[in-house]
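Let me begin by presenting the structure, written as structure tokens, before commenting on it.
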Amino acid sequence: MLNEIKKLNIKPITAFNGKGIYFIVTYPTIFKGVSSVLCALQKDMTIKVIHNCHLCRAYGYHECPYIRQAINEYKIYRQIDSTKYVLLQQYVDPKYILKAEQIPVPSQRFMEKGERTKHELIT
């Protein structure tokens, strides 16, 4: 079952920019509704990730495809190479989404232009 989770091809629905402070990506869940991942860059260049879902609880957050894809989207958006991240396991508060500006999904923007980025996750 774990191999099937790793092979899930998850594409984001939309992305939000919270005044340059944080970045939120929403994904359709395999159960019902959407799953949100919030990313923010800390001073030590570590990516802070806020997320929680059924897959995290069942298989561990290191195996969660939403987190892996969201970190990749954040790297493309901010154009950074940081590989370190810290996870805060909690659900993303909807008030952060309501306060943020909707932006194009970073990876889809490059795909439309036919470009590849150095941060793009190759599967």
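Numbering (my numbering), first residue to last: 461 to 583. We treat Cβ as the ideally placed atom computed from N, Cα and C, and that holds for glycine. Computed from a prediction, not measured in an experiment: that's the story for all the values here.
#1: On the three-pair Cβ rule with 8 Å, is the region 519 to 537 touching the region 477 to 495?
#2: Starting from the Cα of Ser496, find the closest Cα among Tyr537, Pro554, Lys467 and Ile507 and give me that residue.
#3: Is it buried or exposed, Leu515, if we count other Cβ atoms within 10 angstroms and call 16 or more buried?
#4: Could you check the C-alpha separation between Thr506 and Gln539 for me, to the nearest Å?
#5: Kindly indicate which three-state DSSP category Leu468 falls into: helix, strand or coil?
#6: If you draw a straight line from the alpha carbon of Ile473 to that of Gln568, how long is it in whole angstroms?
#7: I'd like to know whether the C-beta atoms of Ile527 and Val509 end up nearer to each other than 7 Å.
#8: Just how far apart, CA to CA, sit Tyr545 and Pro566?
#9: How is Asn532 classed by DSSP in three states: helix, strand or coil?
#10: Which residues bound the beta strand (DSSP E) around Pro554?
So, from the data block:
#1: yes
#2: Pro554
#3: buried
#4: 14 Å
#5: coil
#6: 10 Å
#7: yes
#8: 19 Å
#9: helix
#10: Careful: Pro554 lies outside any beta strand (DSSP E), inside the alpha helix (DSSP H) at Pro554 to Lys559.
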